[in-house]
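Worksheet for the structure shown next.
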Amino acid sequence: MPLSRRDRKIDLTKVGKKASKKKEQIDKIQRYLSAFNRVYVIKFYNPRNQKISELRHHLTNAHIVFGKNKVTMLALNKQSNKSHPMLGKISSYIKGNCALLLTNLSSLELRENFDSFRSSEYARAGNLASQSVTLVAGPLPKFAHTMEPYLRQIGLPVKLIRGVIHLEKDFVVCKKEDALTPDQCRILIHYFFLKSSVAISRPRSIKVE
């Protein structure tokens, strides 16, 4: 008898993708908790995938675990109930853009590693300006004369004088703590201002005995 097209085989033991990822994250955290004696919660500001990857390569004697905060807390609480009662306390620090860092390094050694890690990039729209930037009036020989219309378009008060672009007056690009606009970012890029960096807050730690 031919099978109906409406009949579908359903595997009752199939695990959904979300459940699989959740289990994978929990297993990874618990595995690292067994391998290292310190666990830190680190918070990131202005995180970028490339910069986080650079940090991973820089910290050769540690593992960074990203994932959903609720799943991370679940993994810590499970392990806390099993063998490490202090782990439950660190869950209160898991908020916002954060990750677990597991290592044998002391707080001082880890801070020295962070201090030696510098990773900056051009700012993106929405980033807060880390400093005030003012451009001084005068000739701008670094720019080809054909760029004059574009520079005007992004907000610079410029004009052509004998084939050389001039800034007509001092121009405030941004002030410290301003939320940068796309045009402000373009101006900063042209003037080679590095305005954004991956910042890491003071890590919170628990020693796993």
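The numbering of the sequence shown is the working numbering, which starts it at 577 and goes up by one.
Ideal placement from N, C-alpha and C gives every residue a C-beta, glycine not left out.
Of Asn673, Gly664, Met723, the smallest CA-CA separation from histidine 766 is found for Met723. Following the DSSP letters along the chain, one finds histidine 639 inside the beta strand (DSSP E) bounded by residues 638-641.
For tyrosine 767, the three-state secondary structure derived from DSSP is coil.
Shown here for aspartate 759: same chain residues with a beta carbon closer than 6 Å to its own, the five before and five after excluded, namely Ile730, Gly731 in chain order.
Taking the CA atoms as reference points, methionine 649 sits about 19 Å from alanine 611. Around the C-beta of leucine 631, 16 or more other C-beta atoms lie within 10 Å, and the residue is accordingly described as buried.
Counting along the chain, leucine 686 sits inside the alpha helix (DSSP H) bounded by residues 683-691.
A contact between stretches requires three or more CB pairs, one per stretch, nearer than 8 Å, and the segment 627-647 meets this requirement with the segment 681-690. Annotated three-state conformation of valine 712 is coil, per DSSP. For alanine 755, the CB contacts under 7 Å within the same chain, skipping 5 residues up- and downstream, are Gly702, Leu704 in chain order. For the pair arginine 607 and lysine 644, the Cα-to-Cα distance works out to about 17 Å. Relative to tyrosine 616, the option among Leu676, Ile670, Lys627 whose CA is nearest is Leu676.
At a Cβ-Cβ threshold of 8 Å, cysteine 674 and isoleucine 618 count as neighbours. With respect to the C-alpha of glycine 664, the residue from Ile670, Asn653, Lys671 having the closest C-alpha is Asn653. Straight-line measurement puts the Cα of serine 708 at about 5 Å from the Cα of lysine 752.
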